[in-house]
Amino acid sequence: MAQRRMFSKKVTDTDTFLDMPLSTQALYFHLNMHADDDGFIDNTKTIQRMIGSSDDDRKLLIAKQFLLPFDNGVVVIKDWRVHNYIRKDTYNKTMYPKELEQLQVNNSGQYERQNLVTYTERPRTVDETLTQVRLGKDRLGKDRKDILSGSDEPDRIPYKEIVDYLNKKTGSKYRSSGSKTKTLIKARVHDGFELKDFKQVIDIKTEQWLSDQKMNKFLRPETLFGTKFEGYLNENKSNSQPLTDDDWTRSSIQTTTDEDWR
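So the sequence shown is numbered by full-length UniProt numbering: it starts at 1 and just counts up by one.
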């Protein structure tokens, strides 16, 4: 099997790909790295355990059609031939020739099923299962359903209500349509948090920071809805100590300006 794997920005730089949680994106990259020379993977659950990914991430990749599944549990990377060109002298044919025979390569270099009529006439319950993923109780013990559709239909995450509440409490003018803001909110929702949790974090940090000239600049989506969200949520409003500038600098992964979020 060829050892080198490549990725095309035509796939990984799209909004559809970047709107997915980072854990789902990471699983996609790892699956590509472990696929055979025709893009097939037969050990997705092993790779999930290896990187700490979940079944929800795999189901989302299937729902968004980055992966094409087969009845025997094998999946294939839909854009495999968009990403990779395997030289003939290093190419090893897949162990799943029957599944490969079911595919054809379209004009864009993507795999698609040859018998589209037969495939689409399969029981609708399969498609509905792929578009509604039941998140496990390992997501902070909260059971919920999220619409994971591959279409352009808007999702049901209350971006506007969350950002409007932040703007009302802080007097800011952040846009709920900003891609970075939406990515952070979606990540926290996928962690199992709800609207009331976002409002509680905003209330807690507004009480602590709004009148503090050094800290009120951190009343923004990047800070409030980032990886420290759960810690903020569990703080006591009156007794918790606000972050210092040094604390925030050490805990931040990256720095962006307020303009990036507007």
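Even glycine gets a Cβ: it sits at the ideal position worked out from N, Cα and C.
Q | Pro221 to Gln104 span [Cα, whole Å] | A | Numbered from its first residue, the sequence shown carries residue 221 at position 221. Numbered from its first residue, the sequence shown carries residue 104 at position 104. Pro221 and Gln104: Cα-Cα distance of roughly 44 Å.
(Q) Does the contact criterion of 3 or more C-beta pairs under 8 Å hold for the region 45-52 versus the region 85-92? (A) no
**Q.** N- and C-terminal bounds of the alpha helix (DSSP H) containing Glu235
**A.** Residue numbering aside, residue 235 sits at position 235 when the sequence shown is read from its first letter. Premise fails: Glu235 is in no alpha helix (DSSP H) and is neither H nor E.
Q) Taking DSSP as the reference, what is the three-state secondary structure of Glu112? A) Indexing the sequence shown from 1 puts residue 112 at position 112. Strand.
Q: Alpha carbon to alpha carbon, how far is Leu22 from Thr183? Give it in angstroms, no decimals.
A: Here residue 183 refers to the residue found at position 183 of the sequence shown. Here residue 22 refers to the residue found at position 22 of the sequence shown. Computed Cα separation, rounded: 9 Å.
Q: Return the residue from the list Thr12, Ser172, Thr170 and Glu194 that minimises the CA-CA distance to Pro158.
A: Along the sequence shown, read from residue 1 onward, the residue named residue 158 stands at position 158. Considering only alpha carbons, the answer is Glu194.
Q.
Restricting to Cα atoms, I'd like to know which of Tyr85, Met95 and Met215 is closest to Asp42.
A. Within the sequence shown, residue 42 is the residue found at index 42, counting from 1. Minimum Cα distance to Asp42 is reached at Met95.
Q. What's the gap between the Cα of Met20 and the Cα of Val75?
A. By 1-based counting over the sequence shown, the position of residue 20 is 20. By 1-based counting over the sequence shown, the position of residue 75 is 75. Distance between the alpha carbons of Met20 and Val75 is about 19 Å.
**Q.** CA nearest to the CA of Ile204, picked from Lys9, Pro69, Thr223 and Leu18
**A.** Against the sequence shown, residue 204 aligns to sequence position 204. The shortest Cα separation from Ile204 among Lys9, Pro69, Thr223 and Leu18 belongs to Thr223.
Q) Distance, Cα to Cα, Thr16 vs Phe225? A) Taking the first residue of the sequence shown as 1, we reach residue 16 at position 16. Taking the first residue of the sequence shown as 1, we reach residue 225 at position 225. Looking at the two C-alpha atoms, the distance is approximately 21 Å.
Q) Roughly how many angstroms lie between the CA atoms of Asp164 and Gln200, to the nearest whole one? A) Counted from its first residue, the sequence shown places residue 164 at position 164. Counted from its first residue, the sequence shown places residue 200 at position 200. Asp164 and Gln200: Cα-Cα distance of roughly 14 Å.
Q: Quick one: using the 10 Å Cβ neighbour count with 16 as the cut-off for buried, is Glu99 buried or exposed?
A: Along the sequence shown, read from residue 1 onward, the residue named residue 99 stands at position 99. Buried, by the Cβ-count rule.
Q.
Given 6 Å as the limit, tell me if Phe66 has its C-beta closer than that to any heavy atom belonging to the ligand FAD.
A. Because no ligand of any kind appears in the structure shown, any question about the ligand FAD cannot be addressed here.
Q) In or out: Asn234 buried (at least 16 other Cβ within 10 Å) or exposed? A) Sequence index remark: in the sequence shown, residue 234 carries index 234 (1-based). Asn234 should be labelled exposed.
Q | Backbone CA spacing between Tyr119 and Met6 [nearest angstrom] | A | Residue mapping note: residue 119 aligns to position 119 of the sequence shown, counting from 1. Residue mapping note: residue 6 aligns to position 6 of the sequence shown, counting from 1. Reliability of the predicted coordinates at Tyr119 is poor, the pLDDT of 39 falling under 50, and no value is obtained from them.
Q.
Quick check: the Cα distance between Ser54 and Thr227, rounded to an integer number of angstroms?
A. Counting from one through the sequence shown, the residue named residue 54 turns up at place 54. Counting from one through the sequence shown, the residue named residue 227 turns up at place 227. The straight-line gap from Cα to Cα measures roughly 18 Å.
Q: State the DSSP-derived secondary structure class of Leu210, mapped to helix, strand or coil.
A: Residue mapping note: residue 210 aligns to position 210 of the sequence shown, counting from 1. Of the three classes helix, strand and coil, the one that applies to Leu210 here is coil, per DSSP.
(Q) Given this structure, state the Cα-to-Cα distance separating Thr206 from Tyr85, to the nearest angstrom. (A) Along the sequence shown, read from residue 1 onward, the residue named residue 206 stands at position 206. Along the sequence shown, read from residue 1 onward, the residue named residue 85 stands at position 85. Taking the straight line from one Cα to the other gives about 53 Å.
Q | Minimum length 4: unbroken alpha helix (DSSP H) runs contained in the region 29-93 | A | 44-51, 55-63 and 80-83
(Q) By DSSP's criteria, Val105 is part of a beta bridge. Which residues make up the other side? (A) Taking the sequence shown and counting its residues from 1, the one referred to as residue 105 is at position 105. Answer by DSSP bridge pairing, in chain order: Tyr111.
Q) Measuring CB to CB, does Ile185 end up less than 7 Å from Ile202? A) In the sequence shown, counting from the first residue as 1, residue 185 sits at position 185. In the sequence shown, counting from the first residue as 1, residue 202 sits at position 202. Contact: no.
Q) Would you say Gln110 and Asp79 are within 7 Å of each other, going by their C-beta atoms? A) Reading the sequence shown from its first residue, position 110 is the one you call residue 110. Reading the sequence shown from its first residue, position 79 is the one you call residue 79. Contact flag set, yes.
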